[in-house]
Amino acid sequence: MAVQELILGVTSQAIVIEAPRPMSAVGSVKLYEADGDDTSTEETAVSGAGTVVATSTTTSAAAGASQANPRLLALTSSTGFVVDRRVFITNDGLGEVVEIARIDGNNVYARHPLLNDYASGATVKANLRATIAVDNTWAADSSNLSSNDNPNARYRFRAAVTYATDMEGTVATSDVLYGNVDLVRYSSAPQVSPLDVDAAFPGWLDSLTPDDRSTQGRWLIAEAADLVRDDLAGQQIAVRSLRSAEVHRRLVVARAVYLLTEDAVIRGGASPQQLDAAKGAYDRQIQALVRSPVLAQDKTGAGGATTKTGRGASLSVR
Amino acid sequence: MTTTSAIIRDSIATRVAAVTPSAGTGDPFREHRYADPLREWALANPASALRRFSVRWDGAVLPPLVTNTTEETVERDIEIVVAYPTSWRFGGQQLVDLEEVIDADCRRINHEVGTNGFASLATVTNTSATVTTVIEAANEIGPVVSFGVVRLHVLYSRSPSA
Numbered sequence: 001m002a003v004q005e006l007i008l009g010v011t012s013q014a015i016v017i018e019a020p021r022p023m024s025a026v027g028s029v030k031l032y033e034a035d036g037d038d039t040s041t042e043e044t045a046v047s048g049a050g051t052v053v054a055t056s057t058t059t060s061a062a063a064g065a066s067q068a069n070p071r072l073l074a075l076t077s078s079t080g081f082v083v084d085r086r087v088f089i090t091n092d093g094l095g096e097v098v099e100i101a102r103i104d105g106n107n108v109y110a111r112h113p114l115l116n117d118y119a120s121g122a123t124v125k126a127n128l129r130a131t132i133a134v135d136n137t138w139a140a141d142s143s144n145l146s147s148n149d150n151p152n153a154r155y156r157f158r159a160a161v162t163y164a165t166d167m168e169g170t171v172a173t174s175d176v177l178y179g180n181v182d183l184v185r186y187s188s189a190p191q192v193s194p195l196d197v198d199a200a201f202p203g204w205l206d207s208l209t210p211d212d213r214s215t216q217g218r219w220l221i222a223e224a225a226d227l228v229r230d231d232l233a234g235q236q237i238a239v240r241s242l243r244s245a246e247v248h249r250r251l252v253v254a255r256a257v258y259l260l261t262e263d264a265v266i267r268g269g270a271s272p273q274q275l276d277a278a279k280g281a282y283d284r285q286i287q288a289l290v291r292s293p294v295l296a297q298d299k300t301g302a303g304g305a306t307t308k309t310g311r312g313a314s315l316s317v318r
Numbered sequence: 319m320t321t322t323s324a325i326i327r328d329s330i331a332t333r334v335a336a337v338t339p340s341a342g343t344g345d346p347f348r349e350h351r352y353a354d355p356l357r358e359w360a361l362a363n364p365a366s367a368l369r370r371f372s373v374r375w376d377g378a379v380l381p382p383l384v385t386n387t388t389e390e391t392v393e394r395d396i397e398i399v400v401a402y403p404t405s406w407r408f409g410g411q412q413l414v415d416l417e418e419v420i421d422a423d424c425r426r427i428n429h430e431v432g433t434n435g436f437a438s439l440a441t442v443t444n445t446s447a448t449v450t451t452v453i454e455a456a457n458e459i460g461p462v463v464s465f466g467v468v469r470l471h472v473l474y475s476r477s478p479s480a
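Chains as they are written, first to last, in our numbering: chain Y, 1 to 318; chain D, 319 to 480.
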C-alpha cells in the first residue's frame with residue numbers, strides 16, 4: 001500500500017487499512033514514528049479500534065468468465081460501493097478480489113475480467129478495507145509534519161486485524177498489518193490528466209489496454225506517480241518536498257509513457273530500442289530537472305524558496 | 319447506380335465495429351487508426367490490441383467486366399484483420415479457447431458483411447452495386463499476438479470517371 005498522506009489542518013481525515021483478504025474486524029491501530037519500535041511512545045493521531053467497511057450485497061445474476069461480459073457484476077444494490085476500491089466476490093468456495101472501474105446503477109464493472117464463474121446470489125463485500133479516524137488536533141500540529149529532507153515516511157501504523165471466513169473452507173486468523181503515513185502541507189499527488197500524457201506522447205490513449213480504457217489510464221498514471229516517488233527517493237529527494245508542480249507533472253507524464261512501453265517490451269511486443277527511447281526521455285527529465293536543477297528551492301521546510309538557483313534536494317517544500 | 323471503394327470500405331468498417339463479440343462483450347471491436355499497419359502496431363502493443371481491427375483493400379482492381387460511359391463493374395478483394403493478444407484472457411486452455419473466440423468472431427463478421435450480410439451495406443452503398451463473398455477466414459496464431467482474418471471478394475459498380 002502506498003504511503004498515505006494526511007494534510008495539515010484538514011479535519012475528519014482517516015487512515016486506511018487495506019488487507020489482502022477479507023477482514024471481519026480490526027483491533028487496535030497504533031501510530032508510531034517510523035524509526036521507533038513498537039514499544040516507543042504512540043502518536044495521539046489515532047486511538048482505539050478500526051472500522052471494517054461493512055458494505056455487503058449479492059449478485060442479482062450470474063457473473064464471471066463464462067458470461068457475455070466477464071467484467072460485469074450485476075448487484076442487488078450498489079449502495080456503498082466506490083469506484084477505484086476493491087471488493088471481494090465469493091460463492092461455492094471460489095473467491096477473487098475485484099477492483100471497481102465504474103458503477104452504472106446497480107451494475108458494477110471490474111477493471112479486469114473475472115477469472116471464475118459465480119452463480120446469481122454470490123456475495124460481494126467491501127471488507128478488504130478498514131479505516132480509523134485521525135485526531136484533528138494532531139493533524140493540525142505543524143510539529144508533526146514529515147521532514148522534507150527524508151524521502152522515507154515519518155510514521156508507521158500498526159493494525160491488528162482478524163480475517164473473515166468469507167470463503168468456504170477458510171479459517172479465521174489474526175494478523176498484524178503495517179503501513180506508512182506522512183503529515184504534509186500539500187498533497188504530492190501529481191496533477192496529471194490522461195490528456196496531458198497523450199499530449200506529450202500522441203497515441204498514448206490509443207495504446208491503453210482494454211482494462212485501462214474505462215478509466216482513461218488513470219491507474220497507470222497513479223502507478224507512474226508512485227514510481228517517480230521511488231526514483232526521487234533514490235536521489236534522496238522526498239516527493240512531498242517538490243514545489244514545482246510543472247516539473248513533477250512532467251516527470252509523471254514521462255514515467256507513464258515509459259511504463260506502458262516497458263509493459264509492451266516485457267510482453268514481447270515493443271522493441272528494446274523503443275524502451276530505450278522512452279527510458280531515455282524520462283532519464284533526461286530527471287537529469288535536467290532534478291539532478292541538476294536550476295529551480296528555486298526551499299531548504300528550510302517553511303514553505304518559501306530559500307535559494308534561486310543551484311543544486312538542492314527539494315524542488316518543492318512541504 | 320454506382321458507389322465508391324471508399325464508401326464500401328467505410329460501411330464495412332462501421333458494420334464490423336457494431337458486431338457484438340462472441341465472448342467478452344466488454345471488449346468490443348475497435349477500428350485501428352491506421353497510423354501504421356495493424357499487424358505492426360499490434361505486435362508493438364500486444365496488450366492493447368484486443369479486437370482492434372482494420373479494413374483495407376488488398377490487391378489490384380480487376381478490369382471491369384462490364385462498362386459503358388457512365389458505369390462499370392469491377393472486382394477487388396478486401397481484407398478484415400482483427401488482432402488478439404495471445405494470452406489466457408479467454409480461458410484456461412489458452413490457445414484453444416483463443417482460437418474458438420477468433421473463429422466465433424470471424425463467423426459473426428462474415429455473417430454481417432460477407433456473403434450473408436452484404437445486403438446490410440445497402441444503406442450506404444447501392445445494393446445492386448455491391449456484392450461480397452467470403453474468400454477465406456483464417457487465424458494467424460502468434461506467440462505474442464494472434465489475428466483473425468476475413469477476406470472478401472467484392473463486386474461493385476463504380477463510375478468510370480469519378
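Yeah, the Cβ is synthetic: ideal placement off N, Cα and C, and Gly gets one too. The structure presented is a predicted model; accordingly, all values stated were derived computationally and were not measured.
Measuring straight from C-alpha to C-alpha, what distance separates residue i and residue j?
{"i": "Y/E168", "j": "Y/L94", "result": "8 angstroms"}
{"i": "Y/R185", "j": "D/P339", "result": "50 angstroms"}
{"i": "Y/T131", "j": "Y/R86", "result": "14 angstroms"}
{"i": "D/S475", "j": "D/V379", "result": "12 angstroms"}
{"i": "Y/S314", "j": "Y/D283", "result": "Because Y/S314 sits at a pLDDT of 42, beneath the cut-off of 50, its placement in the model cannot be relied upon, and the following sentence gives the value as read from the coordinates. Their backbone Cα atoms lie some 18 angstroms apart in a straight line."}
{"i": "Y/R129", "j": "Y/V82", "result": "11 angstroms"}
{"i": "D/E458", "j": "D/A401", "result": "9 angstroms"}
{"i": "Y/T57", "j": "Y/L73", "result": "11 angstroms"}
{"i": "Y/A172", "j": "Y/V52", "result": "15 angstroms"}
{"i": "Y/V29", "j": "Y/T41", "result": "13 angstroms"}
{"i": "Y/L75", "j": "Y/I17", "result": "25 angstroms"}
{"i": "Y/A277", "j": "Y/A222", "result": "22 angstroms"}
{"i": "Y/S371", "j": "D/F347", "result": "For residue 371 of chain Y there is no data in the structure shown, the boundaries of chain Y being 1 and 318."}
{"i": "D/A360", "j": "Y/L205", "result": "15 angstroms"}
{"i": "D/E389", "j": "D/A367", "result": "40 angstroms"}
{"i": "D/A456", "j": "D/G409", "result": "21 angstroms"}
{"i": "D/G342", "j": "Y/A49", "result": "42 angstroms"}
{"i": "Y/A34", "j": "Y/Y155", "result": "4 angstroms"}
{"i": "Y/V10", "j": "Y/N136", "result": "7 angstroms"}
{"i": "Y/T209", "j": "D/H350", "result": "14 angstroms"}
Cβ atoms of residue j and residue i: under 8 angstroms apart, would you say?
{"i": "Y/L251", "j": "Y/Q285", "result": "yes"}
{"i": "Y/P194", "j": "Y/G217", "result": "yes"}
{"i": "Y/V322", "j": "Y/V26", "result": "Outside the displayed span of chain Y (1 to 318) sits residue 322 of chain Y, for which this structure offers no information."}
{"i": "D/A336", "j": "Y/G269", "result": "no"}
{"i": "D/T404", "j": "D/V467", "result": "no"}
{"i": "D/A399", "j": "D/F465", "result": "This sequence places Val at residue 399 of chain D; Ala is not what is there. It is a contact, given that the beta carbons lie within the stated cut-off."}
{"i": "Y/V257", "j": "Y/V239", "result": "no"}
{"i": "Y/N127", "j": "Y/M1", "result": "no"}
Roughly how far, in whole angstroms, is the beta-carbon of residue i from the beta-carbon of residue j, given that I think they are within contact range, below 8 angstroms?
{"i": "Y/V290", "j": "Y/Q235", "result": "6 angstroms"}
{"i": "Y/I100", "j": "Y/D84", "result": "7 angstroms"}
{"i": "Y/A153", "j": "Y/V181", "result": "6 angstroms"}
{"i": "Y/N91", "j": "Y/Y109", "result": "Not a contact, Cβ separation roughly 19 angstroms."}
{"i": "D/V431", "j": "D/I325", "result": "With 8 angstroms as the limit, D/V431 and D/I325 do not qualify as a contact, their Cβ atoms being about 13 angstroms apart."}
{"i": "Y/A224", "j": "Y/L259", "result": "5 angstroms"}
{"i": "Y/L242", "j": "Y/L6", "result": "18 angstroms between Cβ atoms; not a contact."}
{"i": "Y/A63", "j": "Y/P113", "result": "About 10 angstroms separates the two Cβ atoms, so there is no contact after all."}
Are any of the Cβ atoms in chain Y nearer than 8 angstroms to that of residue i?
{"i": "D/N363", "result": "yes"}
{"i": "D/D354", "result": "no"}
{"i": "D/R333", "result": "no"}
{"i": "D/V462", "result": "yes"}
{"i": "D/F465", "result": "no"}
Answer with yes or no whether the minimum CB distance from residue i to chain D is below 8 angstroms.
{"i": "Y/T59", "result": "no"}
{"i": "Y/N107", "result": "no"}
{"i": "Y/R267", "result": "yes"}
{"i": "Y/D84", "result": "no"}
{"i": "Y/D276", "result": "no"}
{"i": "Y/D92", "result": "no"}
{"i": "Y/A25", "result": "no"}
Could you work out which residues of chain D lie near residue i, taking near to mean beta carbons separated by less than 9 angstroms?
{"i": "Y/D198", "result": "The contacting residues do not exist; Y/D198 stays about 13 angstroms from chain D at best."}
Give me the chain D residues within the contact set of residue i, using Cβ-Cβ distance strictly less than 8 angstroms, ordered along the chain.
{"i": "Y/S207", "result": "N363, S366"}
{"i": "Y/D263", "result": "A365"}
{"i": "Y/A270", "result": "A362, N363"}
Name the chain D residues whose beta carbon is nearer than 7 angstroms to that of residue i?
{"i": "Y/A116", "result": "In the sequence as presented, Ala is not what sits at residue 116 of chain Y; that position holds Asn. Ordered by position in chain D, no residue passes the 7 angstroms Cβ test against Y/N116, which lies about 11 angstroms from the chain."}
{"i": "Y/A281", "result": "Under the 7 angstroms cutoff, chain D gives no residues; its nearest Cβ is about 17 angstroms from Y/A281."}
Quick one: which chain Y residues come within Cβ less than 8 angstroms of residue i?
{"i": "D/G344", "result": "N69, P70, R71, L72, Y109, P113, P210"}
Which bits of chain Y does residue i rub up against, with CB to CB less than 9 angstroms?
{"i": "D/R351", "result": "G203, D206"}
If contact means a Cβ-Cβ distance below 8 angstroms, which residues of the stretch 400 to 430 of chain D contact chain C?
Note that chain C does not occur in the displayed structure, where the protein chains are Y and D.
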